[in-house]
Structure formats: C-alpha cells, structure tokens
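> My questions all concern the structure below.
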Amino acid sequence: MTLDGTNTWILSAPGSAEAVVVDPGPDNEMHLRAVLEAVRARGVEVVQTLLTHGHSDHSAAARTFAQLTSAPVRALDPAHRYGGEGLQDGDVIQAEGLRLEVVATPGHTTDSLSFLVPQSRMLLTGDTILGRGTTVVAHPDGRLDSYLASLERLGELSGSAELTHLLPGHGPVLGRPGLVVDHYLKHRRERLEQVRAAVQAGARTAREVVKVVYADVPRAVRPAAELSVRAQLEYLGVPDREQPRGWRRILGR
Numbered sequence: 000m001t002l003d004g005t006n007t008w009i010l011s012a013p014g015s016a017e018a019v020v021v022d023p024g025p026d027n028e029m030h031l032r033a034v035l036e037a038v039r040a041r042g043v044e045v046v047q048t049l050l051t052h053g054h055s056d057h058s059a060a061a062r063t064f065a066q067l068t069s070a071p072v073r074a075l076d077p078a079h080r081y082g083g084e085g086l087q088d089g090d091v092i093q094a095e096g097l098r099l100e101v102v103a104t105p106g107h108t109t110d111s112l113s114f115l116v117p118q119s120r121m122l123l124t125g126d127t128i129l130g131r132g133t134t135v136v137a138h139p140d141g142r143l144d145s146y147l148a149s150l151e152r153l154g155e156l157s158g159s160a161e162l163t164h165l166l167p168g169h170g171p172v173l174g175r176p177g178l179v180v181d182h183y184l185k186h187r188r189e190r191l192e193q194v195r196a197a198v199q200a201g202a203r204t205a206r207e208v209v210k211v212v213y214a215d216v217p218r219a220v221r222p223a224a225e226l227s228v229r230a231q232l233e234y235l236g237v238p239d240r241e242q243p244r245g246w247r248r249i250l251g252r
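Residue 131 in numbering that gives the first Met the number 0 is what sits at position 132 of the sequence shown, and the numbering runs on without skipping anything.
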C-alpha cells in the first residue's frame, strides 16, 4: 500500500537555518529517527510541519514530531493539528528563503492538500499522485468527482507554473508533470468505462467488479481496490448491493 514507504520531505533554502517538513510519516521509530537525523545533518531547525492528509502513514508521527522539534503541525483537518493553525487552499507558508503555496486537491481523501514550491517549480502531491501506480480514492471519505477535478487543476497548474517535478507521498520523484497528470486522467477514464461495462455485464457489488476489472491486482491490495470501485460506482450513480468493509482499517485512518 505504501510502495517503498512514506516519503517525508524536508524543505529548506540553500544556506537557510530553517526548514519545513511535510508528512512526518507513520508511528515508526526507525522512520522518525531517520527524519530527525536528516534534519540534524542539514543543520536546520524545523519551524513548521505540514500534512498532505490525515492517513496514518503520513500523520501518525505528527504529535511526537511536534514534541521533539517544538514546531507546530498544520493540516486541513483539525484532528491532525498540533499547536498550529489550519491550512486551506491559497494559504502561503514561509520560512527563511522558502515559500510554499497550499493547493487543495481533495479526492483521495476530503482533506488532501498539495504544496507548490514556486522557486523550485516543484509540487508535493501527497497521495493525489504517486511515484508509481495509481491512487486509491478512499470511499466514502474520498470522492471520484473531487479527485478528477483535482487532477484537472494539477494539469492546469503544471502548465501555468511550468512545473518540472512532482514530489509524491510514496515512490520516486516524477519529471514531466503534465504528462503524468494526463496519464492519471486517461487511466481513470479507462477504469470508469471498464467498471461501467462490468456492471452492464451483471456485476452487482464492488467485490464482483474488482474480480473482473482488477483481476491482475495482488490479493493483498484488493480491499483497497474495492474502495476505489465503490467511489466509481457512486460517481456512475450505481448502487453497491454489498455492505462495505471497514475502510478505516484498510487505509489506517
């Protein structure tokens, strides 16, 4: 589910003594120790911590990280803020020599945010775009209509801001952002057509659709595929005739 694990981003301007950290990560001692060692190696002080969204693989270490760094944690969802203000679309976060702009990108979750670093022409995408594969739209919190709108917005931003790289929450850094977003949109539209065809052929539940449309997906991640299918069925206006399994347990919310 997390590919190579969660990417925690430490952002600072050259020669600056201040840093902003994005997504401190899971409640994992080894991961947290690695982040703190990387901060110390840079000789910087964390002045703010930001969350792309509240899933535990991105946010579970936030409280401990706030205690260790004395830096506030800011998020859209009040449940994941620790000593810091909320975040919303259009907000600007600043540290010495560094500027980030908040871009609301709901869809994977309601509280999903991306962060634009205009001076570097980079965009941190959380789970809205991954370094490999595609994103789970985590029904019922996530919505496909919102996700498609967010991808359209990122496509426009890729051109207007002349972005050079996407920094995802999982997996490697991606170049050619415009092509990546186009691929994501094309993939979603193809999946919608496949789901529509499966329903027309007689599939009555998300699980039945997954067996047809996601037959090549490893069994371990099929519960997550079911969440995406539920979001697609909702988008298509097709009722799912099966009681959904616990999405919070599946995604560690």
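Glycine included, each C-beta is placed from N, C-alpha and C at the ideal position.
1) Could you say which of Ala160, Gly53, Gly82, Gly106 lies nearest to Ala65 if we only look at CA atoms?
2) Identify the residues that DSSP records as bridge partners of Val46: which are they?
3) Suppose the cutoff is 7 Å on Cβ atoms and the five residues either side in sequence are ignored; what does the same chain contact list for Leu75 look like?
4) Touch check for the region 201 to 217 and the region 30 to 43: three-plus C-beta pairs under 8 Å?
5) Using only the alpha-carbon positions, how far apart do Ala18 and Glu151 sit?
6) Is the beta carbon of Pro105 closer than 8 Å to that of Ser145?
7) Which residue wins for smallest C-alpha separation from Gly132, given the options Glu36, Arg142, Leu173?
8) Could you pull out every residue in the same chain whose Cβ sits closer than 6 Å to the Cβ of Gly24, ignoring the five residues on either side in sequence?
9) Evaluate Val91 with the Cβ neighbour count: other Cβ atoms within 10 Å of its Cβ, from every protein chain shown; 16 or more gives buried, anything less gives exposed.
10) What does DSSP give as the partner residue(s) for Met29 in the beta ladder?
11) Write down every uninterrupted run of the alpha helix (DSSP H) in the region 160 to 211 whose length is 4 residues or greater and which is fully enclosed by it, in chain order.
12) What is the rounded straight-line gap between the Cα of Leu123 and the Cα of Gly141?
13) For Val46, tell me which candidate among Asp26, Ala200, Arg98, Asn27 has the shortest Cα-Cα distance.
14) Using alpha carbons as the reference points, say which of Pro217, Gly89, Leu235, Glu225 lies closest to Arg188.
15) How is Ser113 classed by DSSP in three states: helix, strand or coil?
Per the coordinate set shown:
1) Measuring from the Cα of Ala65, the nearest candidate turns out to be Gly82.
2) Within the DSSP secondary-structure output, Val46 pairs in no beta bridge.
3) In its chain, beyond the 5 residues on either side, Gly85, Leu86, Gln87, Asp110, Leu112 have a beta carbon closer than 7 Å to the beta carbon of Leu75.
4) Too few Cβ pairs lie closer than 8 Å, so no.
5) Rounded to whole angstroms, the gap between the alpha carbons of Ala18 and Glu151 is 30 Å.
6) In this structure, Pro105 lies closer than 8 Å to Ser145 by Cβ.
7) That would be Leu173, whose Cα lies nearest to the Cα of Gly132.
8) Leaving aside the five residues that flank Gly24 on each side, the residues in its chain whose CB is nearer than 6 Å to its CB run, in chain order, Thr5, Thr7, His30, Ala60.
9) By the neighbour-count rule (16 or more Cβ atoms within 10 Å), Val91 is not buried but exposed.
10) For Met29, which the question treats as bridged, DSSP gives no partner whatsoever.
11) Here the runs fully enclosed are 176 to 199.
12) So the two alpha carbons sit approximately 19 Å from each other.
13) It is Arg98.
14) Proximity to Arg188 across Pro217, Gly89, Leu235, Glu225 peaks at Leu235, based on C-alpha coordinates.
15) Of the three classes helix, strand and coil, the one that applies to Ser113 here is strand, per DSSP.
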